[in-house]
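Only one structure is covered here, and it is reproduced in the block below.
Residue numbers (this note's numbering): 36 to 449.
So, in structure tokens, the structure goes:
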């Protein structure tokens, strides 16, 4: 019978060092509009160089895979065991903040450094990873699971470079991408620390979010067709007003989502009216709906509800509704064991916590397709992210890194 090692007091990272790295990193890619380390830009490459230096300072030897992802390993005592993988990304959106990605990446490096400094030898190796181009479609992690297509390689990033060009710029090799792909069994589990990017933790006064899963996503394009006509000469009861129908539909979606308990969300984020002229009734409106939840059945049901509401509003406004699915992304559910390791680690550290979904996408959703996955959230002040106002407190970041460190140790125990 295998005897587990005895329980030990929680370990702690060097929070002052970790937050010092984040402060120094804030100067890379900063412009008047915010942080601009978009993938494959000069600022992104400078950020990657900074990150490579952190690995080396921490006693970790970085290596690049063919995708341009950065890896470094803390050896384990049992060479045959697969690695526990931890990390995040360092690229940003346009005019973003300094915490989305770097918090998790630098915390993972700090965890590796702490394991080395404290001579904490785990059975499993621990691999620290910094994924390339998360913000442009989780490119690096898609390559890591063999899911990137040839068409994806020709997509243009915000920097103006194609993914194909970007891989070369980051030190990868497009001709050898297959060598970067992993399969089920290659990773013991994946744990990612991240800022929440919402306001639930701060509002509840909680320190740690234990992610239950990353929501599924439905992007729906809705085309509403009426008839353009003179704004002054057409009586109100003779109109086929596509904009009026769009307004009613937006309110109906909001009412439907809010009427049911749960954390489902729906957003009308884009509306384009035609002819978009002050004195002409809109003859057509094209709008998008972003629908998210952890429950696939609920996503399907709400999509059907939206289509029914559209037909009813179309009848009432003498317009027609057409629906087209743009994105159909399934939820990525966190592994119950990884969730329990995160929760027990937070409890051992005396931290307040809550289970919650991730409403945003992450590299973790890709890795969940081949390995057990879990995520740790720390509060985002004001619930703001993808903005120069994005901010998380140093103490919260340190607590999150402590949970990550101890969750890795718990995962090693199994």
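All C-beta atoms in this analysis are idealised placements derived from N, C-alpha and C, irrespective of residue type, glycine included.
- Nearest Cα to residue 303 within the set 233, 326, 71: 326.
- Selection 194, 389, 281, 215 evaluated against residue 79 yields 194 as nearest (Cα-Cα).
- With contacts defined as CB atoms closer than 9 Å, residue 371 and residue 220 fail to qualify as a contacting pair.
- In the structure shown, residue 356 falls within a strand segment according to DSSP collapsed to helix, strand and coil.
- Below 8 Å, too few C-beta pairs join the segment 312-326 and the segment 225-234 to call them touching: fewer than three.
- Residue 197 sits in a strand when the DSSP states are folded into three classes.
- With contacts defined by Cβ atoms closer than 9 Å, residue 197 and residue 188 form a contacting pair.
- When only Cα atoms are considered, residue 101 and residue 316 end up about 54 Å apart.
- Scanning 321, 252, 249 for the CA closest to the CA of residue 282 turns up 321.
- With respect to residue 63, residue 130 sits apart: the two C-beta atoms are not nearer than 9 Å.
- Rounded to the nearest angstrom, the gap between the Cα atoms of residue 142 and residue 306 is 40 Å.
- Cα atoms of residue 171 and residue 421: separation of roughly 13 Å, rounded to the nearest angstrom.
- For residue 433, the enclosing alpha helix (DSSP H) begins and ends at 429-448.
- Partner residues in the beta bridge of residue 409, as assigned by DSSP, are 226.
- Under the DSSP assignment, residue 137 falls outside any beta strand (DSSP E), being part of the alpha helix (DSSP H) whose first and last residues are 137-152.
- Closest option to residue 358, judged by alpha-carbon separation, among 339, 104, 279: 339.
- Contact between the segment 432-441 and the segment 370-384 is present, with at least three C-beta pairs closer than 8 Å.
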